[in-house]
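Working notes, structure below.
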Amino acid sequence: MTYLYLKHLHVTAAALSIVFFIIRACWSVQGSPRLQSRFVRIAPHIIDTVLLLAGIYLASVLGWHQPWIAAKIVGLVLYIVVGTMAIKRGKTPAGRAVAAIVAVIIFLYIVGVAITKQPMSWLA
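Take the sequence shown: its letters are residues 311 to 434, numbered as in our numbering.
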């Protein structure tokens with residue numbers, strides 16, 4: 311039962327994470343002051359911490375040696391790097407918009423890996 315609970319928690323946190331990311335990326339491209347609100351600065355970190363901790367637990371239960379788990383980890387690192395460009399590090403609104411689109415594509419790759427259990431994601 312614990313496994314199913316944590317899997318559901320992981321999936322829910324992933325959904326919340328991408329929704330918050332898209333909202334924050336749009337605000338970043340628009341130059342909105344909403345990005346500076348306390349809730350917007352703190353909530354994504356809490357959600358992403360829950361997502362990561364649940365993911366670590368699930369990976370430890372399933373075994374770290376599985377190629378699709380390694381693919382998710384690589385995808386996660388890329389998503390974080392590109393996501394920071396979309397929200398904070400992008401120099402222009404256009405650059406942040408492109409980074410946001412790429413980050414969402416990477417996120418969809420990670421979801422595909424999780425569903426198919428294949429490193430090739432949706433192409434498998």
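Here a beta-carbon is modelled for each residue, glycine too, at the ideal position from N, C-alpha and C.
Keep in mind that this is a model prediction, so the values were computed, not measured.
Beta carbon of residue 358, beta carbon of residue 327: below 9 angstroms?
For the purposes of this step, residue 358 is taken as the residue at position 48 of the sequence shown. For the purposes of this step, residue 327 is taken as the residue at position 17 of the sequence shown. Yes.
For residue 319 and residue 347, I'd like the C-alpha separation in whole angstroms.
Locating residue 319 in the sequence shown gives position 9, counting from the first residue. Locating residue 347 in the sequence shown gives position 37, counting from the first residue. If I take the Cα positions, the gap works out to 26 angstroms.
Could you tell me which of 428, 331, 315, 313 sits nearest to residue 396, measuring between CA atoms?
Working through the sequence shown from its first residue, we reach residue 396 at position 86. Ranking 428, 331, 315, 313 by Cα distance to residue 396 puts 331 first.
Less than 9 angstroms separating the beta-carbons of residue 323 and residue 361?
What you label residue 323 is simply residue 13 of the sequence shown in a count that begins at 1. What you label residue 361 is simply residue 51 of the sequence shown in a count that begins at 1. In contact: residue 323 and residue 361 (Cβ atoms closer than 9 angstroms).
Using the beta-carbon count (16 or more within 10 Å), is residue 373 buried or exposed?
Taking the first residue of the sequence shown as position 1, residue 373 is located at position 63. Answer is exposed; the Cβ neighbour count stays below 16.
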